[in-house]
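Peer 1: In terms of my numbering, the sequence shown has 326 at position 320, counting the first letter as 1, and numbering is strictly consecutive.
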Amino acid sequence: MIYPMGIQNKITTPIELLDDKGHLVESGYATKLLWHYDRSKIKAGWHRIKEWDYFAILDSSKKYGITFTISDLGYLGLVAVAWLDFETKTYTQFDTMSILPRGKTGFPSDSGDGIIEFKDKKIALKFEYDGPKRVITVDCPKFKNCKGETGLKGTLTIHQDPTMDTMVIATSWKENRKAFYYNQKVNCMPTEGLITIGETEYNFSSDTSMAVLDWGRGRWTYKNQWYWGSASGYLNGESIGWNIGYGFSDRSPASENMLFYKGKAHKLDEVTFHVDSTDFMKPWKFSSNDGRFEMDFKPIIDRQGNTNFLILKSIQHQVFGYFTGHVVLDDGTQLEIKDFLGFAEDVLNWL
7 MIYPMGIQNK ITTPIELLDD KGHLVESGYA TKLLWHYDRS KIKAGWHRIK
57 EWDYFAILDS SKKYGITFTI SDLGYLGLVA VAWLDFETKT YTQFDTMSIL
107 PRGKTGFPSD SGDGIIEFKD KKIALKFEYD GPKRVITVDC PKFKNCKGET
157 GLKGTLTIHQ DPTMDTMVIA TSWKENRKAF YYNQKVNCMP TEGLITIGET
207 EYNFSSDTSM AVLDWGRGRW TYKNQWYWGS ASGYLNGESI GWNIGYGFSD
257 RSPASENMLF YKGKAHKLDE VTFHVDSTDF MKPWKFSSND GRFEMDFKPI
307 IDRQGNTNFL ILKSIQHQVF GYFTGHVVLD DGTQLEIKDF LGFAEDVLNW
357 L
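This is the structure we're talking about:
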């Protein structure tokens, strides 16, 4: 059975992202990075341009995970490392900021090639992309986790099958069509390597550890709230994951909701987050208008942040936990999900 969806515009051939006036050439979604991004074509001051790469690597078997962020938000840059301990239900974030980076961080225009590197007295972090292989190298000598261990360093190698589908979306804002959101989420990437905290070694192995990449480029409007959820892992020995989200830009041309099973994408229509914003550690629910994504979510860790630099503010709740429910593939096959590690977030920004 093929499930009907709302009108969603799928891009299937390579195109330019922006025209000469700074508008999106065509809004929609794709399963490959088909739009060509050229920062010089953005019709906006440096303070409105946002570029970021974010990785989350979770190991459901060993009960730990790590996230990495390198971002250039115009006014400021944020580089962050967060260690997640799902057994003790604790996290440790270590970050540093650069003032007025103004695009000098040097983000590549493509998610599959190039090097992003940041280094100061607190953090040395490098993302090296080489086709199907991504290598993350980190050294934070002053990092201190909840157990009192000092220093975090290591190298992780992330493997992306070049034939696998990904979630890609390009949309604009109703109030300003020169403002746009260009984003790729790459789920279900097996990861291996070693992270050392103090004297303790944490191994990541490709049979239990998976990464997701959030690769983003855009020109935003000032105030935005978004919801995003993601999970990657194995179900009966097969890779499975999903990307869900909304609230950021005009999504009438397409949603970013997508299942991934055995490397293939299964497009979803609308998914709604049901969350108590007074207590993010209460259970969440997720529902869909087509019945293809129905989940309960049990929080473990609320990785929260509240940044206030007067005109620049951010309130973030990235909640890690376990999904239980079911998903339905394009052919009507229903897959049962139980205690599946992932995360969901509610973020409000003035940037």
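In this text, a Cβ means the ideal position worked out from N, Cα and C, and glycines have one as well.
#1: Could you name the residues that DSSP lists as bridge partners for CYS194?
#2: So, under 8 Å CB-CB, ARG54 and GLY109 are touching, yes? Tell me the CB distance rounded to an integer number of Å.
#3: Taking the DSSP output, what are the residues bridged to PHE149?
#4: Run the CB neighbour count on ASP285, radius 10 Å, all protein chains shown included, and call it buried at 16 or more, exposed below.
#5: Bridge partners of TRP232, per DSSP?
#6: HIS165 to GLY235, Cα distance in whole Å?
#7: With a floor of 3 residues, list each beta strand (DSSP E) that falls wholly inside the stretch 246-324, ordered by position along the chain.
#8: Within 10 angstroms of its Cβ, does GLU351 collect 16 or more other Cβ (buried), or is it exposed?
#9: Which residue from GLY247, ILE72, ARG298, TYR43 puts its Cα closest to that of THR172?
#10: Thinking just about the alpha-carbon of each residue, which of SER320, THR278, GLN310 is nearest to the one in GLU300?
#11: In whole angstroms, what is the alpha-carbon distance linking LYS191 and GLU205?
#12: Check the DSSP bridge columns for LYS159 and list the partner residues they point to.
#13: So LYS38 and VAL144 are supposed to be a Cβ contact under 8 Å. How far apart are they, rounded?
#14: So what does DSSP say about LYS139, is it helix, strand or coil?
#15: Between which residues of its own chain and SER67 is the CB-CB distance below 7 Å, once the five residues before and five after are set aside?
#16: Which residues in the same chain have their Cβ closer than 7 Å to the Cβ of THR169, if we skip the five residues on either side of it in sequence?
#17: Buried or exposed, going by whether 16 or more other CB atoms sit within 10 Å of the CB of GLN231?
#18: Could you pull out every residue in the same chain whose Cβ sits closer than 7 Å to the Cβ of ILE8, ignoring the five residues on either side in sequence?
#19: Measure the alpha-carbon distance for LEU341 versus ILE306 and round it to whole angstroms.
#20: For a test of the three-state rule: what should DSSP assign to ILE8, helix, strand or coil?
#21: Runs of 3 residues minimum, wholly inside the stretch 44-97: which ones carry the beta strand (DSSP E) assignment?
Peer 2: Checking against the coordinates, here is how it stands:
#1: Locating residue 194 in the sequence shown gives position 188, where the first residue counts as 1. According to DSSP, CYS194 bridges with nothing at all.
#2: As a first step, residue 54 must be located in the sequence shown, where it is residue number 48. As a first step, residue 109 must be located in the sequence shown, where it is residue number 103. Wrong, their Cβ atoms sit about 11 Å apart, outside the cutoff.
#3: Here residue 149 refers to the residue found at position 143 of the sequence shown. Bridge pairing for PHE149: absent [DSSP].
#4: Residue numbering aside, residue 285 sits at position 279 when the sequence shown is read from its first letter. Only exposed fits ASP285, as fewer than 16 other CB atoms lie within 10 angstroms of its CB.
#5: By 1-based counting over the sequence shown, the position of residue 232 is 226. BP columns for TRP232 point to VAL353.
#6: Mapped onto the sequence shown, residue 165 falls at position 159. Mapped onto the sequence shown, residue 235 falls at position 229. Approximately 21 Å, taken between the alpha carbons.
#7: Secondary structure in the stretch 246-324: the beta strand (DSSP E) runs of 3 residues or longer, each lying completely within the stretch, are 264-267, 270-273, 277-280, 290-294, 299-315 in chain order.
#8: Within the sequence shown, residue 351 is the residue found at index 345, counting from 1. Classified as buried, GLU351 has 16 or more neighbouring CB atoms from the shown chains inside 10 Å of its CB.
#9: As a first step, residue 172 must be located in the sequence shown, where it is residue number 166. The option with the nearest alpha carbon to THR172 is GLY247.
#10: Here the question's residue 300 lines up with position 294 in the sequence shown. Among SER320, THR278, GLN310, the Cα nearest to that of GLU300 is on THR278.
#11: Working through the sequence shown from its first residue, we reach residue 191 at position 185. Working through the sequence shown from its first residue, we reach residue 205 at position 199. Between LYS191 and GLU205, the C-alpha separation is close to 34 Å.
#12: On the sequence shown, residue 159 is found 153 positions in, with the first residue counted as 1. Under the DSSP definition of a beta bridge, LYS159 partners with ASP145, THR202.
#13: Numbered from 1 along the sequence shown, position 32 holds the residue referred to as residue 38. Numbered from 1 along the sequence shown, position 138 holds the residue referred to as residue 144. With 8 Å as the limit, LYS38 and VAL144 do not qualify as a contact, their Cβ atoms being about 29 Å apart.
#14: Residue 139 sits at position 133 when you count from the first residue of the sequence shown. LYS139 sits in a strand when the DSSP states are folded into three classes.
#15: The residue you call residue 67 lines up with position 61 of the sequence shown. Cβ neighbours of SER67 beyond the five flanking positions: THR214.
#16: Residue 169 sits at position 163 when you count from the first residue of the sequence shown. Contacts found: GLY269.
#17: Numbered from 1 along the sequence shown, position 225 holds the residue referred to as residue 231. It is exposed - the Cβ of GLN231 has fewer than 16 other Cβ atoms within 10 Å.
#18: Within the sequence shown, the letter at position 2 stands for residue 8. Its pLDDT being 42, under 50, ILE8 is placed unreliably in this model, and the coordinates cannot settle the point.
#19: Sequence index remark: in the sequence shown, residue 341 carries index 335 (1-based). Sequence index remark: in the sequence shown, residue 306 carries index 300 (1-based). If you take the alpha carbons of LEU341 and ILE306, they lie about 24 Å apart.
#20: Within the sequence shown, residue 8 is the residue found at index 2, counting from 1. With a pLDDT of 42 at ILE8, under the threshold of 50, the modelled position of this residue cannot be trusted; read the value that follows with caution. ILE8 falls in the coil class under three-state DSSP.
#21: Counting only runs of 3 or more, we get 55-65, 70-78, 82-91.
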